[in-house]
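For the sequence shown, this note's numbering begins at 4 and goes up steadily by one.
We put the beta carbon where it would ideally sit given N, CA and C, even for glycine.
Below is one structure, written out as structure tokens; the observations come after it.
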Amino acid sequence: MSRGGRKIEYVNIPIPRPLYERLAKALEGSGYRSPTEYIIFLIRKNLPDLEAKDVERRLRALGYLP
């Protein structure tokens, strides 16, 4: 698979099988093709917030924010 002309390399992230199976069942009929697709969606959605919080924490530690 490629994104913007670049080949994307994938890694495996282990999660407990019961959780994966529960997610697969919950996603039935949702439009997501797989639990993996949904997990990627969640990460892409939440990563900017996590990065912003990290920047804020660093600025606070440096004394730039109260």
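Under a three-way DSSP split, which group does Arg60 fall into? Correct three-state label for Arg60: helix.
If contacts are defined as beta-carbon pairs under 8 angstroms, then Glu59 and Leu68 qualify, I think. What distance do you get, rounded to the angstrom? Contact flag correct, Cβ pair sits at about 7 angstroms.
Whole runs of the alpha helix (DSSP H) within the segment 10–46, excluding any shorter than 4 residues: The qualifying runs are 20–30.
Put Leu50 into one of helix, strand or coil per three-state DSSP. For Leu50, the three-state secondary structure derived from DSSP is helix.
For Pro21 versus Leu30, is the C-beta spacing smaller than 8 angstroms? no
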